[in-house]
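Trainee: In this note's numbering, the protein residues as written are 18 to 165.
1. Let me know if residue 123 comes out buried or exposed under the rule of 16 or more other beta-carbons within 10 Å of its beta-carbon.
2. Near residue 150, what residues of its chain come up, given a Cβ to Cβ distance below 7 Å and the 5 sequence neighbours on each side ignored?
3. In chain order, what residues of the same chain lie with their CB nearer than 7 Å to the CB of residue 66, ignoring the 5 residues before and after it?
4. Starting from residue 102, follow the beta strand (DSSP E) in both directions and report where the run begins and ends.
5. Residue 100: buried (16+ other C-beta within 10 angstroms of its C-beta) or exposed?
6. Quick one: what's got a C-beta closer than 7 Å to residue 97's C-beta in the same chain, skipping five residues either side?
7. Going by DSSP, which residues form a beta bridge with residue 47?
8. If contacts are defined as beta-carbon pairs under 8 Å, then residue 144 and residue 127 qualify, I think. What distance do you get, rounded to the angstrom?
9. Apart from the five residues just before and just after residue 49, which ones in its own chain have a Cβ nearer than 6 Å to its Cβ?
10. Nearest by alpha-carbon distance to residue 112: which of 68, 160, 70 is it?
11. Excluding the 5 residues preceding and the 5 following residue 74 in the sequence, name in chain order all residues of the same chain whose CB lies nearer than 8 Å to its CB.
12. Leaving aside the five residues before and after residue 46 along the sequence, list all residues of the same chain whose C-beta is less than 8 Å from its C-beta, in chain order.
13. If you draw a straight line from the C-alpha of residue 77 to the C-alpha of residue 71, how long is it?
14. Measuring CB to CB, does residue 139 end up less than 8 Å from residue 43?
15. Beta-carbon of residue 93 versus every beta-carbon of chain D: anything under 8 Å?
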């Protein structure tokens, strides 16, 4: 992912806090109860469309992870923005597929609600490219998304 930046298109608000634990650029993040940034921890849950970005002040690229206690740069996104997020391993998504939190900072295909209503789903974005990670040995992989 080193050749790409996380923020691809659009306006954002930049925030910076300490990392609660390791965070990779492209992870969906949230503020935890200690006031630190952590990877988004609730699969399919509410989110603030906040993504960790590369530490451009230090000249870092998207392959350089943040460690616990390090200051994390996070962009709060608005609808229509485009970012390089991280798709969870074993996912297979087509262009236009809605994506939600996988509960570990990565994204997964929007899951069907048990009641079939889908009213409590919390989509983060829409896939702008097809990515198939369903094969064995697949790892979390960058994916271009549009924030919804």
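Glycine included, each C-beta is placed from N, C-alpha and C at the ideal position.
Computed from a predicted model, the values in this text were never measured in an experiment.
Mentor: Based on what the coordinates show:
1. As a working note, residue 123 is residue 106 in the chain shown. So residue 123 ends up on the buried side.
2. In the chain shown, residue 150 corresponds to position 133, counting from 1. If we look at residue 150 and ignore the five residues flanking it on each side, its Cβ neighbours are 104, 106, 107, 108, 109, 158.
3. The residue given as residue 66 occupies position 49 in the chain shown. The residues are 93, 94, 141, 164.
4. Counting from one through the chain shown, the residue named residue 102 turns up at place 85. First-last of the beta strand (DSSP E) with residue 102: 99–104.
5. In the chain shown, residue 100 corresponds to position 83, counting from 1. Buried, because 16 or more other Cβ atoms sit within 10 Å of the Cβ of residue 100.
6. Against the chain shown, residue 97 aligns to sequence position 80. Counting only Cβ-Cβ distances below 7 Å, and skipping sequence neighbours, we find 27, 163, 164.
7. In the chain shown, residue 47 corresponds to position 30, counting from 1. Bridge partners of residue 47: 55.
8. Locating residue 144 in the chain shown gives position 127, where the first residue counts as 1. Locating residue 127 in the chain shown gives position 110, where the first residue counts as 1. The Cβ separation is near 10 Å, so there is no contact.
9. Stepping through the chain shown from its first residue, residue 49 is reached at position 32. Result list for residue 49: 37, 55, in chain order.
10. As a working note, residue 112 is residue 95 in the chain shown. It is 160 whose Cα lies nearest to the Cα of residue 112.
11. For the purposes of this step, residue 74 is identified with residue 57 of the chain shown, where counting begins at 1. Around residue 74: 90.
12. Translated into the one-based positions of the chain shown, residue 46 becomes position 29. So the qualifying residues of the chain are 40, 54, 55, 56, 57, 67, 68, 69, 89, 91, 122.
13. Within the chain shown, numbered from 1, the residue matching residue 77 stands at position 60. Within the chain shown, numbered from 1, the residue matching residue 71 stands at position 54. Pairing residue 77 with residue 71, the inter-Cα distance amounts to about 6 Å.
14. As a first step, residue 139 is located in the chain shown; it is residue number 122 there, counting from the start. As a first step, residue 43 is located in the chain shown; it is residue number 26 there, counting from the start. Their beta carbons are not under 8 Å apart, which means residue 139 does not touch residue 43 by this criterion.
15. The chain inventory of the structure shown lacks chain D, comprising one protein chain alone.
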